[in-house]
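Numbering-wise, the sequence shown is residues 1 to 230 according to UniProt numbering.
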Amino acid sequence: MAKCLLCGCSIFQPLTLEWLLSLQPVQLPVVCPACQKEFETLRGQMVCPGCGRLQKNEDLCPDCQRWSKMGELELLNNRALYRYDQAMKDYMQRYKFAGDYRFRLVFQDQFSRFVQEKSDPHRVLVLIPVDEQTKRKRGFNQVQGLLAGFNALQLLAFRQKEERVKQSTKTRKARMETRQPFVYAGKKDLNGQEILLVDDIYTTGRTLYHAKHILQEHGAGAVHSLTLAR
C-alpha cells in the first residue's frame, strides 16, 4: 500500500481487470485524492492568452498588457497546469526551497504528459537553468526533476561571478527590474528555430522573458513557454 507524499496517509489502489490484462507493472499513486484536490487545475479554465493566468475573460491580463507596452510584440503565450495558489506555494516550499527531491514525483507524471502534449517536432525544448550556487545548495534543478524522458537542450546559463538574490525573496517591482541573468550557451546560432521554454512557476514573467530575449538575440524564431504553475 502506497503512502501519500504530502500528508502521509495510506492510499488504497484497487486492481482493475484492465490492468490485469495489460500485464504492466503496478504504478502506485504518490498523492492521495484529498491532497490532489487541494491543487486547482487550469485545464479547461478561462485564462489569459499571454501568460495562462486564471481569469473571467479571454482578454490580455494587466501583466501582459504591461509587457506589450514595454515592447513585447510577441508574448510567450505561456500555458500552465495549475494555479499558483497557497497549496502550490506550500508544495514549492517543500520541494524547491527545502530541497526534498522526493517531491518531484507529486507532479512529474502529470507535468511530463502536459509538456509532451504541447511539444512539437519543430520546437526545441529548453529548460530554465539553476545557478551553480543554488544547485550546490539544493542538489538539483527543480525543473529537470519535474520532467521524465525529455532531451532538452542546454542553451542558457547564468552569468558567472554574479551575486544573485533569489526571485522568491524579491518584491514584484524588484523582480521586474532584475537585469539579464543569462548568457547563451549554445554552440551555434538558432537560425529561426522555434523554442519551447519550460519552467516551474510563472509569476511576473521576468525570468522567462529574459530567456526569450537571449535566445532571440541568437536567432531563435517564435518562443513560447510552459510552466507547472501560474
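Think of the CB as a built atom: it goes at the ideal place given N, C-alpha and C, for glycine as much as any other residue.
Remember, it's a predicted structure, so these values are computed and weren't measured experimentally.
Quiz item: What is the rounded straight-line gap between the Cα of residue 105 and the Cα of residue 158?
Solution: 27 Å
Quiz item: So, are the CB atoms of residue 204 and residue 230 less than 9 Å apart?
Solution: When the beta-carbon positions are compared, residue 204 and residue 230 stay at least 9 Å from each other.
Exercise. Please go through the same chain and pick out, in chain order, the residues whose beta-carbon is closer than 7 Å to the beta-carbon of residue 216, but skip the five residues on each side of it.
Key: 223
Quiz item: Would a C-beta distance cut-off of 9 Å place residue 54 and residue 31 closer than the cut-off?
Solution: no
Practice problem: List the endpoints of the continuous alpha helix (DSSP H) containing residue 128. | Solution: Where residue 128 is concerned, there is no enclosing alpha helix (DSSP H), given that its DSSP letter is neither H nor E.
Self-check item: Same chain only: Cβ atoms within 6 Å of residue 200, ignoring 5 sequence neighbours per side
Solution: 142, 143, 228
Quiz item: Which residue comes first and which comes last in the beta strand (DSSP E) that contains residue 194?
Solution: 194 to 201
Exercise. Specify, as a first and last residue, the run of the beta strand (DSSP E) that residue 183 falls within.
Key: In the DSSP annotation of this structure, the continuous segment of the beta strand (DSSP E) that includes residue 183 starts and ends at 182 to 184.
Quiz prompt | 9 Å Cβ cutoff met for residue 226 and residue 115 | solution = yes
Exercise. Return helix, strand or coil for residue 31, following the three-state DSSP convention.
Key: coil
Quiz item: Which parts of the stretch 47 to 90 are runs of the alpha helix (DSSP H), unbroken and 4 residues or longer, counting only runs that do not cross its ends?
Solution: 62 to 69
Quiz item: Between which two residues does the alpha helix (DSSP H) harbouring residue 158 extend?
Solution: Where residue 158 is concerned, there is no enclosing alpha helix (DSSP H), although the beta strand (DSSP E) it sits in stretches over 156 to 158.
Exercise. Return the first residue and the last residue of the beta strand (DSSP E) that residue 211 is part of.
Key: No beta strand (DSSP E) holds residue 211; the alpha helix (DSSP H) holding it covers 206 to 217.
Quiz prompt | Where the beta strand (DSSP E) containing residue 225 begins and where it ends | solution = 223 to 229
Exercise. Just confirm the distance between the C-beta atoms of residue 81 and residue 134, as a whole number of angstroms; I'd bet it's less than 8 Å.
Key: Their Cβ separation, rounded to whole angstroms, is 23 Å, which puts residue 81 and residue 134 out of contact at 8 Å.
Exercise. State the start and end residues of the unbroken alpha helix (DSSP H) segment that holds residue 109.
Key: 105 to 118
Quiz item: Alpha carbon to alpha carbon, how far is residue 77 from residue 70?
Solution: 16 Å
Quiz item: With burial defined as no fewer than 16 other Cβ atoms inside 10 Å of the residue's Cβ, what is the status of residue 181: buried or exposed?
Solution: buried
Quiz item: Could you give the C-beta distance for residue 156 and residue 214, rounded to a whole number, given that I count them as a contact under 8 Å?
Solution: 7 Å
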